[in-house]
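*Asks:*
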Amino acid sequence: GSGTAPADVSASFVVVANRLPVDRVQHPDGTVDWRTSPGGLVTALEPVMRKNEGAWVGWHGAPDEVLDPFEEDGITIVPVPLSSQEVAEYYEGFSNATLWPLYHDVVAPPEFHREWWDAYVRVNRRFAERAAAVSDEGATVWVQDYQLQLVPQMLRTMRPDLRIGFFLHIPFPPVELFQQLPWRREITEGLLGSDLIGFQLPGAVQNFTRLVRQRVSAEVRRDLVTLPDGHVARAKAYPISIDSRGFRELARSAPVRERAREIRRDLGDPEVMFLGVDRLDYTKGIKQRLRAYGELVAEGRLDPDKVVFVQVATPSRERVDQYRHLRDEIDMLVGRINGEVGRIGRPPVVYLHSSFPREEMAALYSTADVMVVTPLRDGMNLVAKEYVACHEGDEGALVLSEFAGAAYELKQAYKINPYDINDIKATLELACRDAPTNKARRLRALRKQVFDNDITRWADTFLSDLDQKVTG
Ligand code: ADP
Ligand code: G6P
18 GSGTAPADVS ASFVVVANRL PVDRVQHPDG TVDWRTSPGG LVTALEPVMR KNEGAWVGWH
78 GAPDEVLDPF EEDGITIVPV PLSSQEVAEY YEGFSNATLW PLYHDVVAPP EFHREWWDAY
138 VRVNRRFAER AAAVSDEGAT VWVQDYQLQL VPQMLRTMRP DLRIGFFLHI PFPPVELFQQ
198 LPWRREITEG LLGSDLIGFQ LPGAVQNFTR LVRQRVSAEV RRDLVTLPDG HVARAKAYPI
258 SIDSRGFREL ARSAPVRERA REIRRDLGDP EVMFLGVDRL DYTKGIKQRL RAYGELVAEG
318 RLDPDKVVFV QVATPSRERV DQYRHLRDEI DMLVGRINGE VGRIGRPPVV YLHSSFPREE
378 MAALYSTADV MVVTPLRDGM NLVAKEYVAC HEGDEGALVL SEFAGAAYEL KQAYKINPYD
438 INDIKATLEL ACRDAPTNKA RRLRALRKQV FDNDITRWAD TFLSDLDQKV TG
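Residue numbering for the sequence shown follows UniProt numbering, beginning at 18 and increasing consecutively.
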């Protein structure tokens, strides 16, 4: 629920993101609910905001509504309105049908439309104005993700007194792909308005600095970019993480343990439970993993009386064509597998197209034997880290795509190439049948990584780097 509206918001720490931590949902009967927003950005930043007092500027997920600022669980929420047309052109269009596929290796073809770009500029300016209005003199403003890449430069022009950080949650593509973008110069310059630009991986920093060398008249020395006006922007990698201890505590709580046992029972006490958890997105490789699993069952390499694959997929960006197609394709694939190799009371795939509370996710993670994470490209993938944080004991396995940012840190996972179905098949089998000592050793190493590098460490490192004034 939303509390009372603070009269005039003013903060010394301000996060700006397209999404607020909560979404406003209006039911058909007119009643209104607030729900946790989907995706990794919100999962990661919510605990950061709870620790650092500050304001969160963002969109509340519904079109054509102007809302006053309010407090939510200790966070000051500053809603930015979007019209239906802006949702279609800025959010579904330029953000999610142009930039999203372009930045994810063009696994779907990006669309370029001039009206979408115009809306992107307009909405970025609105976010920048809102951030400028709520920031104290000399405040730190932290802009998030691909939807708002023009905000740093706009904000610097409006408020040169601010410290401006930017973090990109998704991959930054190689120059060869990025340069397809008709507005490549504007986006690059928008980002360079920051004092510090954070990426998930060193490879993304390299892609970005290579781009700047080729396209912008600026001096680039290592990770420092000096612009003609003397402004210095620094680019550096900060692999994002989760509230590892928070997830573990949740998984250890009595109700979640009980729920985990209940899930197992309801599934018919399978010998091996595979688990997939994703937003329903074509970058996640959901088709590839289900196809691999389906073939293993059909070929008798996995026994349908003993195994089950639980796939949980949050509805996402449902009015974008590519997402609509994907949903139909997954429906068909699940139907085919269950129809061909299922028995009465034992479907080999249990598919749930919906979003669940964090407790339910923790219960699923803690009981799943093999976590299957197979994106074709992913900035980080927090689901992989959540599994490691929640899954206790020596038995358990993480199968992880080498194209997920998380693979850079989670080196002890069972790695796969998601484009190679035979590789996925062989690795799923290995993850089931590997010697217990191997599994235990891998899990221990993964756990150490995820608990040593949690979200607090990520935020502290970024913010202390942002605090340091660098000169070129
Ligand atoms: P992305 O940000 O692309 O969605 P991540 O793996 O980084 O991918 O983050 C996804 C987040 O969404 C995780 O915190 C995960 O727990 C959550 N999530 C994914 N699917 C569901 C679901 N069906 N119900 C609830 N939460 C989900
Ligand atoms: C990814 C993006 C986030 C986005 C989230 C959910 O994590 O990096 O910026 O918020 O997906 O997507 P949505 O379009 O629902 O905000």
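Ideal placement from N, C-alpha and C gives every residue a C-beta, glycine not left out.
Count the other CB atoms, across all protein chains shown, that sit within 10 Å of the CB of alanine 424; report buried if there are 16 or more and exposed otherwise.
*Replies:* As a working mapping, residue 424 is identified with position 407 in the sequence shown. It counts as buried.
*Asks:* Can you give me the Cβ contacts of isoleucine 441 inside the same chain, cut-off strictly under 6 Å, excluding the 5 residues immediately before and after it?
*Replies:* The sequence position of residue 441 within the sequence shown is 424, counting from 1. Within the same chain, isoleucine 441 has close Cβ partners Ala309 and Ile433.
*Asks:* State yes or no: is the C-beta of phenylalanine 189 within less than 8 Å of the C-beta of serine 211?
*Replies:* Walking along the sequence shown from the start, residue 189 turns up at place 172. Walking along the sequence shown from the start, residue 211 turns up at place 194. No.
*Asks:* Please look up how many angstroms separate the CB atoms of glutamine 170 and glycine 207, rounded, as I've assumed it's under 8 Å.
*Replies:* Taking the first residue of the sequence shown as position 1, residue 170 is located at position 153. Taking the first residue of the sequence shown as position 1, residue 207 is located at position 190. Contact flag correct, Cβ pair sits at about 5 Å.
*Asks:* What is the DSSP secondary structure of methionine 397, counted as helix, strand or coil?
*Replies:* Mapped onto the sequence shown, residue 397 falls at position 380. Coil.
*Asks:* Is glycine 20 buried or exposed, if buried means 16 or more other CB atoms sit within 10 Å of its CB?
*Replies:* Stepping through the sequence shown from its first residue, residue 20 is reached at position 3. Because glycine 20 sits at a pLDDT of 49, beneath the cut-off of 50, its placement in the model cannot be relied upon, and the point is left open.
*Asks:* Does the Cβ of proline 126 lie closer than 7 Å to at least one heavy atom of ligand 2?
*Replies:* Numbered from its first residue, the sequence shown carries residue 126 at position 109. Incorrect: proline 126 has no Cβ contact closer than 7 Å to ligand 2.
*Asks:* Please determine if the stretch 87-94 and the stretch 63-79 are in contact, where contact requires at least 3 C-beta pairs separated by less than 8 Å.
*Replies:* Contact holds: three or more Cβ-Cβ distances are below 8 Å.
*Asks:* Quick check: the Cα distance between proline 435 and glycine 247, rounded to an integer number of angstroms?
*Replies:* By 1-based counting over the sequence shown, the position of residue 435 is 418. By 1-based counting over the sequence shown, the position of residue 247 is 230. Going by the C-alpha atoms only, they are around 45 Å apart.
*Asks:* Kindly identify the DSSP beta-bridge partner or partners of glutamine 161.
*Replies:* If you number the sequence shown from 1, residue 161 lands on position 144. Answer is Phe184, bridged to glutamine 161.
*Asks:* How about leucine 119 and leucine 209: are their beta carbons less than 8 Å apart?
*Replies:* As a working mapping, residue 119 is identified with position 102 in the sequence shown. As a working mapping, residue 209 is identified with position 192 in the sequence shown. No, the Cβ-Cβ distance between leucine 119 and leucine 209 is not below 8 Å.
*Asks:* Where do the ends of the beta strand (DSSP E) carrying serine 418 lie?
*Replies:* Stepping through the sequence shown from its first residue, residue 418 is reached at position 401. Run containing serine 418: 414-418, per the beta strand (DSSP E) assignment.
*Asks:* Would you give the residue range spanned by the alpha helix (DSSP H) that valine 222 belongs to?
*Replies:* Within the sequence shown, residue 222 is the residue found at index 205, counting from 1. Where valine 222 is concerned, the enclosing alpha helix (DSSP H) stretches over 219-232.
*Asks:* Tell me glutamate 89's beta-bridge partners as DSSP assigns them.
*Replies:* Residue mapping note: residue 89 aligns to position 72 of the sequence shown, counting from 1. Note: glutamate 89 sits in a beta bridge opposite Ile92.
*Asks:* Beta strand (DSSP E) containing alanine 105: first to last residue?
*Replies:* In the sequence shown, the residue the question calls residue 105 occupies position 88. It is not in any beta strand (DSSP E) - alanine 105 carries neither H nor E in the DSSP assignment.
*Asks:* Return the CA-CA distance between glycine 489 and methionine 388, expressed in angstroms with no decimal places.
*Replies:* In the sequence shown, counting from the first residue as 1, residue 489 sits at position 472. In the sequence shown, counting from the first residue as 1, residue 388 sits at position 371. The pLDDT assigned to glycine 489 is 47, lower than 50, so where the model puts this residue is not dependable; a value taken from the coordinates is nonetheless given after this. The straight-line gap from Cα to Cα measures roughly 45 Å.
*Asks:* Can you give me the C-alpha to C-alpha distance between glycine 18 and histidine 44, rounded to a whole angstrom?
*Replies:* Position 1 of the sequence shown, counted from the start, is the residue given in the question as residue 18. Position 27 of the sequence shown, counted from the start, is the residue given in the question as residue 44. Because glycine 18 carries a pLDDT of 41, less than 50, the predicted location of this residue cannot be relied on, and no value is offered for it.
*Asks:* Distance, Cα to Cα, threonine 384 vs arginine 281?
*Replies:* Translated into positions along the sequence shown, residue 384 becomes position 367. Translated into positions along the sequence shown, residue 281 becomes position 264. In a straight line, the C-alpha of threonine 384 is about 7 Å away from that of arginine 281.
*Asks:* Use the C-beta contact count for arginine 334: other C-beta atoms within 10 angstroms, 16 or more gives buried, fewer gives exposed.
*Replies:* As a working note, residue 334 is residue 317 in the sequence shown. It counts as buried.
*Asks:* Touching or not, the stretch 468-479 and the stretch 249-267, by the rule of three or more beta carbon pairs under 8 Å?
*Replies:* Touching, yes.
*Asks:* By Cβ distance below 6 Å, which residues in the same chain neighbour glutamate 376 in space, the five residues on each side in sequence not counted?
*Replies:* Position 359 of the sequence shown, counted from the first residue, corresponds to residue 376. Val273, listed in sequence order.
*Asks:* According to DSSP, which residues form a beta bridge with glutamine 197?
*Replies:* Your numbering for residue 197 matches position 180 in the sequence shown. Per DSSP, none; premise fails for glutamine 197.
*Asks:* Looking only at its own chain, which residues have a Cβ that is under 6 Å from the Cβ of valine 289, when we skip the five neighbours before and after it?
*Replies:* For the purposes of this step, residue 289 is taken as residue 272 along the sequence shown, with counting starting at 1. Within the same chain, valine 289 has close Cβ partners Val324, Asp386 and Cys449.
*Asks:* Hey, is leucine 62 close to ligand 2, as in C-beta under 7 Å from one of its heavy atoms?
*Replies:* Looking up residue 62 in the sequence shown gives position 45. False, no ligand heavy atom lies under 7 Å from that Cβ.
*Asks:* Using alpha carbons as the reference points, say which of Val32, Val138, Phe326 and Leu218 lies closest to alanine 421.
*Replies:* Reading the sequence shown from its first residue, position 404 is the one you call residue 421. If we check each option's Cα against that of alanine 421, Leu218 comes out closest.
*Asks:* CA-CA distance, alanine 462 and glutamine 429?
*Replies:* By one-based count along the sequence shown, residue 462 stands at place 445. By one-based count along the sequence shown, residue 429 stands at place 412. Roughly 7 Å separates the two Cα atoms.
*Asks:* Scan the stretch 240-281 and note each continuous alpha helix (DSSP H) run of 4 residues or more that stays entirely inside, going in chain order.
*Replies:* Whole alpha helix (DSSP H) segments, 4+ residues: 261-269.
*Asks:* Do phenylalanine 373 and residue 553 have their beta-carbon atoms positioned less than 8 Å apart in this structure?
*Replies:* Nothing about residue 553 can be reported from this structure: the residues present for the chain run from 18 to 489 only.
*Asks:* For glutamate 403, is the beta carbon positioned less than 7 Å from some heavy atom of ligand 1?
*Replies:* Start at 1 with the first residue of the sequence shown, and residue 403 comes out as number 386. Yes; taking the cut-off as 7 Å, the Cβ of glutamate 403 has a heavy atom of ligand 1 nearer than that.
*Asks:* Quick check: is any heavy atom of ligand 1 less than 7 Å from the C-beta of phenylalanine 373?
*Replies:* For the purposes of this step, residue 373 is taken as the residue at position 356 of the sequence shown. It does: the Cβ of phenylalanine 373 is within 7 Å (strictly closer) of some heavy atom of ligand 1.
*Asks:* Of the choices Asp25, Ala379 and Pro365, whose alpha-carbon is the least far from that of leucine 267?
*Replies:* Translated into the one-based positions of the sequence shown, residue 267 becomes position 250. If we check each option's Cα against that of leucine 267, Ala379 comes out closest.
*Asks:* Buried or exposed for lysine 68, going by 16 or more other Cβ atoms inside 10 Å?
*Replies:* Position 51 of the sequence shown, counted from the start, is the residue given in the question as residue 68. With fewer than 16 Cβ atoms within 10 Å of its Cβ, lysine 68 is classed as exposed.
*Asks:* According to DSSP, simplified to helix, strand and coil, what is aspartate 298?
*Replies:* As a working mapping, residue 298 is identified with position 281 in the sequence shown. In this structure, aspartate 298 counts as coil in the three-state DSSP scheme.
*Asks:* Grouping DSSP H, G and I as helix and E and B as strand, with all else coil, what is leucine 369?
*Replies:* Within the sequence shown, numbered from 1, the residue matching residue 369 stands at position 352. The answer is strand: DSSP assigns leucine 369 an E or B state.
*Asks:* Determine whether the beta carbon atoms of phenylalanine 39 and serine 54 lie at a separation below 8 Å.
*Replies:* Translated into positions along the sequence shown, residue 39 becomes position 22. Translated into positions along the sequence shown, residue 54 becomes position 37. Correcting the residue type first, residue 39 is valine in the shown sequence and not phenylalanine. Closer than 8 Å, so yes.
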